[in-house]
Every structure is written in C-alpha cells, then in structure tokens.
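In UniProt numbering, the protein residues as written are 1 to 249. The C-beta atom is built at its ideal place from N, Cα and C for all residues, glycine as well. Because the structure is a prediction, the values reported are computed rather than measured. All remarks here apply to the structure that follows.
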C-alpha cells in the first residue's frame, strides 16, 4: 500500500473515530549533548517533517488526546505536557493534502491545540508509526536545513518562545536532565534554552535559593579538574514550584 492509499484508508476510519476540525500538536523538547532538540516525524507521504500530532477522539479530553497521540506516533509516555497556544490560520493544512479531493478527512480545516513537552531523550524508546519513515530528535540548529510541513515551524518557534518566557517563573530540568547532575550542567540547560550565557555565581545562588535541589554526597568523577558536586531535584518542592510558580527567582 503506497502513502496516498494509506491516507485514504485512514480518512475512512477517522470520520467515525475523531472530531472534525480539531487536532493537537505536541512540541517535545529534549536536551542532549548540550543541544536543545525537538522530536519530529518524517512522513512517507511527501517526505516532509511534522510534529507528532493527531486528532481528538469524539469522547476524549484534549489533554488525553495529546498524550495518546504521542504514545501512538512516537512511543513517548509519562511526559509533562502544557498547553501553550492555538493555531487556526485558514488553509494551514490543506496544501499538504493537495493531491487529494476535499472529501479527505485530513484535508478539512483544522484548529490545532499546541502543547509543549519536556523529555529526556535517554528515556525514549522511539517508534515509527505506519505513516512515517523516521522518528528522530532534531537539533533546533538543524531545523533550517529540513522541510517542515504545514505551519509546524511556526508552532515550534512559538513553543520555544513560550518556554523561554515560562523559565522565569517555573522550574525546568526534571524531564530533561539525568537523575544526577552538576550545577554547571543545569546552567548549560538554561543557557541553551535562553540562547545566552548566564553569570555562574548569580545562577548558582538563585537556583539554590529556590530549594528545588538536593545536594548529594557524590561528585562527578573523571574530569581533569576538581570533581564537582552532584545534585538531584527535590521532587516534592519541584512539583510545588510547578503549581505555584517561583517566588525567589
């Protein structure tokens, strides 16, 4: 079955399963080798790259739909998701399906709920669904080199701007760093997201004042310099900071 036949088959099934005109597009950010990456699918049809998005079942909450779609299309589960924007420009997705007539379910005008998610790529066991050729972490620095379909470049850019705004009043790192990390590794994560260098002394002082870290009786071994202390997140305080915001940042 070729890619167009797959879409026709899925279209017939979708009309019974999903709500018309409503979809979700999760932007999953990962941090790997000091780079911020985003999870993308390369579709068999047209070979373009897309976010791992999908449609909402008729009896399904939208948040649940976003989680289900991530699981089905990329193998990602137990992920922190937060809604950040709605995308609904006219003909935002119709051009992608220009080879089909207007009866195709996917060619309808869809309003998409954007979510951003934070996930450690080391914890991912990625899958490839039947409509895709690849499911990969792509560095943000490489996005200009690939062809993104529909308005998904705009969605990613908006998600990154939102992440940069929320970093000032919500903690990050729990879903992006390994269980044990150094303060310099945490600082590098913040700098990568913000796109600028931070003063080490000021950052260390502020992050410690948040009381979301636990200093471990361990050091990072193997470097040429003094072995730095290792930290982990205080899960209870971290969750409170997510819910209530940061008062000392």
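By Cβ distance below 8 Å, which residues in the same chain neighbour residue i in space, the five residues on each side in sequence not counted?
| i | result |
| --- | --- |
| residue 212 | 171, 233, 234, 237, 238, 241 |
| residue 150 | 50, 92, 93, 95, 96 |
| residue 72 | 54, 129 |
| residue 111 | 21, 22, 23, 86, 87, 88 |
Which whole-angstrom value describes the C-beta separation of residue i and residue j, a residue pair presumed to lie in contact below a C-beta threshold of 8 Å?
| i | j | result |
| --- | --- | --- |
| residue 6 | residue 131 | 6 Å |
| residue 83 | residue 119 | Contact doesn't hold; Cβ gap of about 16 Å is too wide. |
| residue 85 | residue 158 | 5 Å |
| residue 48 | residue 147 | 5 Å |
| residue 80 | residue 117 | 6 Å |
Starting from residue i, trace the beta strand (DSSP E) both ways and give me its first and last residue.
| i | result |
| --- | --- |
| residue 84 | 80-87 |
| residue 134 | 132-139 |
| residue 35 | 35-43 |
| residue 113 | 111-118 |
| residue 204 | Per DSSP, residue 204 belongs to no beta strand (DSSP E); it is in the alpha helix (DSSP H), 200-209. |
Where residue i and residue j are concerned, what is the direct C-alpha to C-alpha distance, given to the nearest angstrom?
| i | j | result |
| --- | --- | --- |
| residue 23 | residue 96 | 15 Å |
| residue 12 | residue 93 | 18 Å |
| residue 198 | residue 205 | 12 Å |
| residue 195 | residue 133 | 31 Å |
| residue 187 | residue 200 | 8 Å |
| residue 88 | residue 109 | 8 Å |
| residue 228 | residue 219 | 5 Å |
| residue 221 | residue 44 | 45 Å |
| residue 202 | residue 175 | 23 Å |
| residue 58 | residue 102 | 21 Å |
| residue 192 | residue 127 | 27 Å |
| residue 104 | residue 90 | 17 Å |
| residue 153 | residue 145 | 12 Å |
Residues in its own chain within less than 7 Å of residue i by CB, not counting five upstream and five downstream?
| i | result |
| --- | --- |
| residue 136 | 40 |
Return the first residue and the last residue of the alpha helix (DSSP H) that residue i is part of.
| i | result |
| --- | --- |
| residue 217 | It is not in any alpha helix (DSSP H) - residue 217 instead sits in the beta strand (DSSP E) that spans 213-219. |
| residue 238 | 235-244 |
| residue 13 | 3-17 |
| residue 69 | 62-74 |
Closer than 6 Å by C-beta to residue i: which residues in its own chain qualify, once you throw out the five before and the five after it? Chain order, please.
| i | result |
| --- | --- |
| residue 142 | none |
| residue 140 | 36 |
| residue 100 | 107 |
Three CB pairs or more closer than 8 Å across the segment 204-220 and the segment 151-170
no
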